[in-house]
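Undergrad: Each residue of the sequence shown is one higher than the one before, starting from 1 at the first, in full-length UniProt numbering.
Using N, Cα and C, we set each Cβ at its ideal position, and we do this for glycine too.
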Amino acid sequence: MEVTHLYKWRSLSKAFENLSSNLKKMPALAISTCDEKVLEEILITRRKDPDPSNPIHPLKKIKIWVTVTKRATFEMINELLQTNNINLENLSLSLGALDAQILSSLRFNALTILNLERTTRIALQTLLLGTPVLKFLTLKKCAFTDDTKTLLLNSQSLNTINLLRCDLTPFATILIQIANLHILTWDNIILNNDLKLVINAENIDTLVYKGILVETSFHVLTIGESFIVIQDLSPLSPTKFAHDLNKMMNGLRGSMIMKMDATTAQVYSL
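And the structure:
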């Protein structure tokens with residue numbers, strides 16, 4: 001149960017007292033569907049100076065999906081991440097109005113799962129400053145601002161990348177330098193012709209490409225059997241689809257192009 005569900009019953013003094021104590025012992029903290037004031041109370045309760053009988057346990061999972069409008073609230077979230085960055089394994093953030101604020105420089109030594117929604121500079125800084133063992137990355141409805149032209153994804157432990165409905169600034173470059181990718185999903189990205197996607201990989205098992213095909217550069221030695229998924233082919237004429245797919249695959253070795261050109265690539269309608 002998320003802690004916000006219990007906060008709705010704080011008029012029940014015993015339940016609220018137990019919650020206040022347990023907040024310091026929970027290995028996971030999930031906060032969503034609440035107002036900012038409740039979020040502040042939860043964060044304040046957890047960070048209170050511990051007594052010897054009730055020490056604060058480090059968090060392994062943090063999920064905060066609350067629209068934040070106050071800088072003070074954001075700073076408390078920042079402090080929460082700072083005090084748990086060593087043991088944190090799963091991080092999910094969607095903060096709304098203040099999502100352009102910058103997190104302190106952190107290295108997440110144990111972080112394997114990162115989900116960011118409606119974030120801008122948080123997403124970029126979190127990725128670029130140190131996630132050495134990251135395995136699963138999802139960016140949803142993230143806007144990449146003009147001050148950042150390149151998004152570099154090069155954690156060699158990454159095996160799943162999901163880019164979902166992101167808004168990319170003109171002339172942006174997404175550079176993926178990972179030896180082996182299990183799944184790369186590119187879903188309904190808001191883009192223009194100036195976007196550049198560069199993928200340098202030895203192997204991609206599954207490439208899921210939903211939406212508009214754009215100019216890209218691929219340098220991949222092998223691609224798995226389930227190569228491409230297009231959600232809806234109806235807006236694309238066969239000629240346009242073949243042309244765009246061939247452009248997208250520019251850079252593959254000739255032997256792979258023979259297997260994966262527009263006439264032989266596996267295409268599924270979902």
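Glutamate 75 to lysine 60, Cα distance in whole Å?
TA: Straight-line Cα distance between these residues: approximately 20 Å.
Undergrad: Please classify arginine 46: is it buried, with 16 or more other beta-carbons within 10 angstroms of its beta-carbon, or exposed?
TA: buried
Undergrad: Leaving out five residues before and five after asparagine 154 in sequence, what residues of the same chain have Cβ atoms less than 7 Å from its Cβ?
TA: Closer than 7 Å at the Cβ level, and outside the excluded window around asparagine 154, lie Gln177 and Ile178.
Undergrad: With a threshold of 9 Å between beta carbons, is lysine 63 in contact with chain C?
TA: No chain C is part of this structure, which consists of one protein chain only.
Undergrad: Can you tell me which of the three DSSP states isoleucine 174 falls into?
TA: Correct three-state label for isoleucine 174: strand.
Undergrad: How many angstroms separate the CA atom of leucine 137 from the CA atom of threonine 150?
TA: 17 Å
Undergrad: What three-state label does DSSP hand phenylalanine 136 in the structure shown?
TA: strand
Undergrad: If you reduce the DSSP assignment to three classes, tell me which class valine 38 lands in.
TA: helix
Undergrad: Along the alpha helix (DSSP H) that carries isoleucine 102, what are the first and last residues, could you check?
TA: For isoleucine 102, there is no enclosing alpha helix (DSSP H), as DSSP marks it with neither H nor E.
Undergrad: Quick one: Cα of leucine 81 to Cα of isoleucine 174, how far?
TA: 26 Å
Undergrad: Near leucine 106, what residues of its chain come up, given a Cβ to Cβ distance below 8 Å and the 5 sequence neighbours on each side ignored?
TA: Leu81, Gln82, Asn85, Thr126, Leu129 and Gly130
Undergrad: Cα-Cα, which of Lys135, Ala143 and Asp167 is closest to isoleucine 161?
TA: Lys135
Undergrad: Helix, strand or coil for isoleucine 199? Go by DSSP, reduced to three states.
TA: strand
Undergrad: When burial is assigned at 16 or more other CB atoms within 10 Å of the CB, is glutamate 202 buried or exposed?
TA: exposed
Undergrad: Is it buried or exposed for isoleucine 102, if we count other Cβ within 10 angstroms and need 16 for buried?
TA: Isoleucine 102 counts as exposed, since fewer than 16 other C-beta atoms from the protein chains shown sit within 10 angstroms of its C-beta.
Undergrad: Tell me which residues share the same chain as glutamate 36 and place their Cβ nearer than 8 Å to its Cβ, disregarding the 5 neighbours each side in the sequence.
TA: Val66, Thr67, Val68, Thr69, Lys70 and Thr73
Undergrad: When the Cα of valine 133 is compared with those of Val198, Ile204, Leu43 and Ile113, which residue comes out closest?
TA: Ile113
Undergrad: Take histidine 57 as the anchor and find which of Asn87, Leu39, Leu207 and Val198 has the nearest alpha-carbon.
TA: The alpha carbon of histidine 57 has as its nearest neighbour, out of Asn87, Leu39, Leu207 and Val198, the alpha carbon of Asn87.
Undergrad: Tell me whether serine 157 is buried or exposed, calling it buried when 16 or more other Cβ atoms sit within 10 Å of its Cβ.
TA: Counting the other Cβ atoms within 10 Å of the Cβ of serine 157 gives fewer than 16, which makes it exposed.
Undergrad: When you compare each of Asn200, Lys141 and Ala30 to asparagine 180 by their alpha carbons, which one comes out closest?
TA: Asn200
Undergrad: Would leucine 152 and isoleucine 183 be called neighbours here (beta carbons separated by less than 9 Å)?
TA: no
Undergrad: Taking DSSP as the reference, what is the three-state secondary structure of glutamate 75?
TA: helix
Undergrad: Over what stretch of residues does the beta strand (DSSP E) that includes lysine 63 continue unbroken?
TA: Per DSSP, lysine 63 belongs to the beta strand (DSSP E) from 61-65.
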